[in-house]
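See below for the structure under consideration.
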């Protein structure tokens with residue numbers, strides 16, 4: 032499939048057969064499973080997935096590539112959607128709950144918003160195997176207290192389990208990107224998300240705190256939670272945002288949401304016991 036990569040779409044086509052083999056081994060596709068592939072490009076993963084064979088929906092923004100996939104790979108087991116993955120409703124694919132598996136080489140310029148768009152529909156996904164910048168994957172998988180830990184780490188931990196599988200060097204692509212890539216596996220897990228009382232309050236707390244990540248928590252959350260409230264949540268107000276584990280962020284956000292609700296109803300503030 033001859034197609035000149037379009038820089039405006041962040042296209043880097045995977046060609047290294049060894050890397051392709053490692054990705055397929057990590058995914059371990061089984062006959063009859065339902066997959067969706069985002070950004071199939073020249074079909075490096077599309078072809079071997081169809082050979083399993085699986086049912087495959089491919090979402091491709093580039094009109095020429097979408098047409099080429101249909102022409103070269105045919106309709107057997109493959110549906111090609113010429114669409115923007117950031118706006119695509121993956122539920123329309125008709126997958127049963129937790130019945131859809133995803134494989135994607137995510138465009139670097141939209142990787143984070145696209146991840147959250149996918150996880151907003153996480154009830155249909157069994158797992159997601161994605162390739163994106165190594166630096167982003169390291170932030171996705173970082174633990175509290177490490178340099179890479181931040182807002183993205185916490186937000187993802189509340190929605191899924193994330194595992195970094197392996198690093199992919201620039202030479203595996205045409206054209207080679209300027210940075211290393213990495214493959215990650217995400218498995219939806221709502222056990223922590225189910226404890227969040229108000230998603231907007233959770234997001235607001237993370238946004239403010241990690242915009243001042245070098246400050247003490249009491250200062251970073253000024254205007255949202257005072258020191259007694261932070262202590263009441265079982266958290267040391269002298270710690271920095273990067274030292275706080277995801278479960279503690281949920282407790283803090285829930286108390287913040289309670290305070291906001293009391294204020295809206297004109298009730299006096301209360302600290303957690």
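In the working numbering, the protein residues as written are 32 to 304. Each residue gets a CB set at the ideal place from its N, CA and C atoms; glycine is no exception.
(message) Suppose the cutoff is 6 Å on Cβ atoms and the five residues either side in sequence are ignored; what does the same chain contact list for residue 47 look like?
(response) Non-local beta-carbon contacts of residue 47 in its own chain, meaning distances under 6 Å to residues more than five positions away in sequence, involve 203 in chain order.
(message) When you compare the CB positions of residue 272 and residue 240, do they come within less than 8 Å of one another, or not?
(response) In contact: residue 272 and residue 240 (Cβ atoms closer than 8 Å).
(message) Assuming residue 253 and residue 265 are in contact, meaning their beta carbons sit under 8 Å apart, how far apart are those beta carbons, in whole angstroms?
(response) Contact flag wrong, Cβ pair sits at about 20 Å.
(request) Hey, could you find the ends of the alpha helix (DSSP H) residue 250 is sitting in? (result) Looking at the DSSP string, the run of the alpha helix (DSSP H) that includes residue 250 is 248-251.
(message) Mapping the DSSP letters down to three states, classify residue 48 as helix, strand or coil.
(response) If DSSP states are grouped into helix, strand and coil, residue 48 belongs with the helices.
(message) Below 8 Å on the Cβ atoms is my contact criterion, and I expect residue 68 with residue 89 to pass it. Report the Cβ-Cβ distance as a whole number of Å.
(response) About 5 Å separates the beta carbon of residue 68 from that of residue 89, a gap short enough to meet the 8 Å contact definition.
(request) Report the three-state DSSP secondary structure of residue 71 (helix, strand or coil). (result) The answer is coil: DSSP assigns residue 71 none of H, G, I, E or B.
(request) Mind reading off the beta-carbon distance from residue 114 to residue 92? Whole number of angstroms is fine, and I expect it under 8 Å. (result) Residue 114 to residue 92, Cβ: 7 Å. Contact.
(request) Note down, in chain order, each residue of its chain lying with its Cβ closer than 6 Å to the Cβ of residue 55, except the 5 sequence neighbours on either side. (result) In the same chain as residue 55, and ignoring 5 residues on each side of it, the C-beta atoms closer than 6 Å to its own belong to 79, in chain order.
(message) Let me make sure I understand the geometry here. Which of 52, 139, 148, 186 has the alpha-carbon closest to that of residue 232?
(response) Closest option to residue 232, Cα to Cα, is 186.
(request) Kindly indicate the opening and closing residues of the beta strand (DSSP E) around residue 198. (result) Here the beta strand (DSSP E) through residue 198 covers 191-199.
(message) Could you tell me the alpha carbon to alpha carbon distance between residue 111 and residue 243, rounded to whole angstroms?
(response) Between the alpha carbons of residue 111 and residue 243 lies a distance of about 44 Å.
(message) Using CA atoms only, rank isn't needed, just tell me which of 151, 71, 63 is closest to residue 220.
(response) With distances taken between Cα atoms, residue 220 lies closest to 151.
(request) Starting from the N-terminal side, write out each stretch of the alpha helix (DSSP H) that is 4 residues or longer and does not extend beyond the stretch 56-136. (result) Counting only runs of 4 or more, we get 77-81, 94-104.
(request) Could you have a look at residue 154 and say whether DSSP puts it in helix, strand or coil? (result) In the structure shown, residue 154 sits in a helix (DSSP, three-state: H, G or I).
(request) Quick one: residues in its chain with C-beta nearer than 8 Å to the C-beta of residue 227, no 5 flanking neighbours on either side, listed in chain order? (result) Excluding sequence neighbours, residue 227 sits near 189, 233, 281, 284, 285.
(request) Quick one: give me the first and last residue of the alpha helix (DSSP H) that residue 185 is part of. (result) Unbroken alpha helix (DSSP H) run through residue 185: 182-188.
(message) Below 8 Å on the Cβ atoms is my contact criterion, and I expect residue 70 with residue 135 to pass it. Report the Cβ-Cβ distance as a whole number of Å.
(response) Yes, residue 70 and residue 135 are in contact; Cβ-Cβ is about 6 Å, under 8 Å.
(request) Ignore the nearest five residues each way along the sequence and tell me which others in residue 205's own chain have a CB closer than 6 Å to its CB. (result) Counting only Cβ-Cβ distances below 6 Å, and skipping sequence neighbours, we find 44, 46.
(request) Would you check if the distance between the CB atom of residue 177 and the CB atom of residue 195 is smaller than 8 Å? (result) Not in contact: residue 177 and residue 195 (Cβ atoms no closer than 8 Å).
(message) Here's a check: name, in chain order, each residue in its chain whose Cβ is nearer than 7 Å to the Cβ of residue 141, leaving out the five neighbours to either side.
(response) Same-chain partners within the cutoff: 117.
(message) Counting C-beta neighbours from all protein chains within 10 Å, is the total for residue 166 16 or more, i.e. buried, or is it exposed?
(response) Exposed, by the Cβ-count rule.
(request) Name the one or two DSSP bridge partners that residue 205 has. (result) Beta-bridge pairing links residue 205 to 44.
(request) Give the DSSP bridge partners of residue 216, in chain order. (result) In the DSSP output, where bridge partners are listed per residue, residue 216 has 160, 194.
(request) Taking all protein chains shown into account, decide if residue 153 is buried (16 or more other Cβ within 10 angstroms of its Cβ) or exposed. (result) By the neighbour-count rule (16 or more Cβ atoms within 10 Å), residue 153 is buried.
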